[in-house]
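Going by numbering that gives the first Met the number 0, the first residue of the sequence shown is number 0, and it counts up by one from there. Glycine included, C-beta positions come from ideal geometry on N, C-alpha and C.
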Amino acid sequence: MGTTTAGHGRIVPSPRTLGLAVGDLLLIAAFVVSGAVNHSGVEYVLARPLAVAETAAPFYLGWLAAAPLAGAYGRAALAGPRSAARAVAAAWIGAALIGQLLRGTALFSGDLALPFVIVSLVVGLVLLVPWRLLPFAAAALRRR
């Protein structure tokens with residue numbers, strides 16, 4: 000990890016950060032796709048990939064806004080498991096709330112429904128926090 004940072008110190012440009020970002024984006028996609036499959040079936044997802052992408056868009060926009068502000072790719076998120084978990088949890092809470100608010104506008108399909116707000120918060124945290132803890136667990140196992 001280099002000492003150079005971008006975005007007022009909120010992003011550490013490194014291969015590790017890039018890998019985390021790719022994993023984060025894939026897990027957000029998994030959240031959206033699994034919801035679409037659960038509600039509409041695999042056939043719908045395969046037949047209407049643009050509709051699924053439209054569902055994902057507000058969450059990706061929320062992530063783009065919240066992740067740097069929460070330090071999801073900053074030094075603290077790379078330093079240890081607690082700070083990594085805090086950073087990604089704060090980023091997802093912000094991203095999910097922004098995404099839900101965007102869904103409540105005329106710009107995106109969907110609506111602002113409290114049950115989906117709660118589900119999106121919980122499912123996103125269940126996906127993203129363990130993913131961000133994985134590198135620290137792997138490093139601890141290698142040290143044994």
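Figure out for me which residue from 52, 92, 86 and 13 has the closest Cα to the Cα of residue 25.
-> 52
Looking only at C-alpha atoms, which of 15, 135, 55 and 94 sits nearest to residue 28?
-> 55
Please work out which residues of its chain come closer than 6 angstroms, Cβ to Cβ, to residue 116, disregarding the five sequence neighbours upstream and downstream, and give them in chain order.
-> Here the set comprises 99.
Taking the alpha-carbon positions, what's the residue 146 to residue 108 distance?
-> Because the chain is modelled from 0 through 143, residue 146 falls outside the range shown and cannot be assessed.
Buried or exposed: which applies to residue 16, given that a residue is buried once 16 or more other Cβ atoms fall within 10 Å of its Cβ?
-> buried
CB contact flag (residue 20, residue 58, <8 angstroms) = no
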